[in-house]
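In what follows, a single structure is set out as structure tokens and then discussed.
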Amino acid sequence: MMDFVLHLASWILLTAGGAFVLIGGIGALRMPNLYTRMHAASVTDSMGAVLVLLGVMLQAGLTLATIKLGAILLFLLITSPTASYALASAALLAGIKPDAGRAADKTPGS
Amino acid sequence: MYYVVTIALLVTMALALARALMGPTVYDRVLAVNMFGTKTVLLFSVIAFLSGRPDFLDLALAYALINFIGVLAVLEFFRSRAAKRADEERDGPRENGAPGP
């Protein structure tokens, strides 16, 4: 019974994680400019990673693999906001204007 | 059920690669490559359990570290280049003898 519940919870987490990752990927391809694309990509970095890794952790049970997965999760949660911040600050310094429309794609900066 | 997540991750990696190839600015490419790296870490963790070989988790951990450091290094490079270019635009071109960009 307990096995079944764990299995079901893990399945739900993994499927939701896959859905979030896919949505973020589509967003990163389809959004109109850099900052909106960054917003879509951070969905996959935070929500998708957390859900997928939690789902795999439930499958692993209490083993060394769970500790490694926890380390990966902690590390991703620390590094992906840092990388996003560094990217946004570098892009802003290079003169790409934050703009909700397609205008920001036109500014030079590459 | 791991197959569902694996396919979703692979499709997302393909989309990120498409964005990295299309991206109008260099920052779009860096964003896409960073996203590709994160998805690689997730793919490694899922494949470790798909194939029943938990050794893959060490690879995932190492890849996460290398990906983060690589993205920060590339961004630092482009940021100093952009700052140098902005300085030149403000102060006019460099004098003769100074190495150009």
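Going down the list, the protein sequences come from chains A and B.
Quick note on numbering: the working numbering labels position 33 of the first sequence as 27, and the sequence is numbered without any gaps.
Quick note on numbering: the working numbering labels position 89 of the second sequence as 183, and the sequence is numbered without any gaps.
We treat Cβ as the ideally placed atom computed from N, Cα and C, and that holds for glycine.
Predicted model, so just to flag it, every value in this text is computed and none were measured.
Counting only beta-carbon separations shorter than 8 Å, does residue i have a partner in chain B?
i                 : result
Gly12 of chain A  : yes
Val46 of chain A  : yes
Phe69 of chain A  : yes
Met32 of chain A  : yes
Ala84 of chain A  : yes
Val50 of chain A  : yes
Gly55 of chain A  : no
Lys62 of chain A  : yes
Gly103 of chain A : Residue placement at Gly103 of chain A cannot be trusted, given a pLDDT of 44 that sits under 50; the coordinates are not used to answer.
Asp39 of chain A  : yes
Ala3 of chain A   : no
Quick check on residue i - is its C-beta less than 8 Å from some C-beta in chain A?
i                 : result
Leu104 of chain B : no
Ala158 of chain B : yes
Lys178 of chain B : no
Asp181 of chain B : no
Arg147 of chain B : no
Ala167 of chain B : no
Leu115 of chain B : no
Leu153 of chain B : no
Listing by chain order, which chain A residues have their CB less than 7 Å from the CB of residue i?
i                 : result
Ala112 of chain B : Leu23
Val99 of chain B  : Leu8, Gly11, Gly12, Val46
Arg173 of chain B : Ala84, Leu87
Where does residue i sit, in a helix, a strand or coil, going by DSSP?
i                  : result
Pro148 of chain B  : coil
Pro92 of chain A   : coil
Leu104 of chain B  : helix
Gly117 of chain B  : coil
Pro102 of chain A  : Confidence is the limiting factor: at Pro102 of chain A the pLDDT is only 48, short of 50, which leaves the residue's position unreliable, though a coordinate-based value still follows. Coil.
Thr9 of chain A    : helix
Ala25 of chain A   : The residue asked about is misnamed: residue 25 of chain A is Met in this sequence, not Ala. Coil, per DSSP.
Met(-4) of chain A : helix
Thr57 of chain A   : coil
Met41 of chain A   : helix
Met95 of chain B   : coil
Residues of chain A with CB under 8 Å from residue i, in chain order?
i                 : result
Thr134 of chain B : What Thr134 of chain B touches in chain A: nothing, since even the nearest Cβ is about 12 Å away.
List, in order along the chain, the chain B residues whose C-beta lies closer than 8 Å to that of residue i?
i                : result
Leu28 of chain A : Thr119, Tyr121, Asp122, Leu125
Going along chain B, which residues have a C-beta under 9 Å from residue i?
i                  : result
Val(-1) of chain A : Per Cβ cutoff of 9 Å: no residues; Val(-1) of chain A is ~15 Å from chain B at best.
Three CB pairs or more closer than 8 Å across the segment 125 to 141 of chain B and the segment 35 to 45 of chain A: Three or more beta-carbon pairs drawn from the segment 125 to 141 of chain B and the segment 35 to 45 of chain A are found closer than 8 Å, and the two stretches are therefore classed as touching.
Quick check: the segment 47 to 54 of chain A against the segment -1 to 8 of chain A, are at least 3 beta-carbon pairs closer than 8 Å? Here the segment -1 to 8 of chain A makes contact with the segment 47 to 54 of chain A; the two share three or more CB pairs at distances below 8 Å.
Report yes or no: do three or more beta-carbon pairs, one from the segment 55 to 66 of chain A and one from the segment 106 to 120 of chain B, lie closer than 8 Å? The way I'd put it, the segment 55 to 66 of chain A doesn't touch the segment 106 to 120 of chain B; fewer than three beta-carbon pairs between them come closer than 8 Å.
Check whether the segment 69 to 86 of chain A touches the segment 116 to 126 of chain B, counting contact only when three or more Cβ pairs, one atom from each stretch, lie closer than 8 Å. The segment 69 to 86 of chain A makes contact with the segment 116 to 126 of chain B; the number of CB pairs closer than 8 Å reaches 3 or more.
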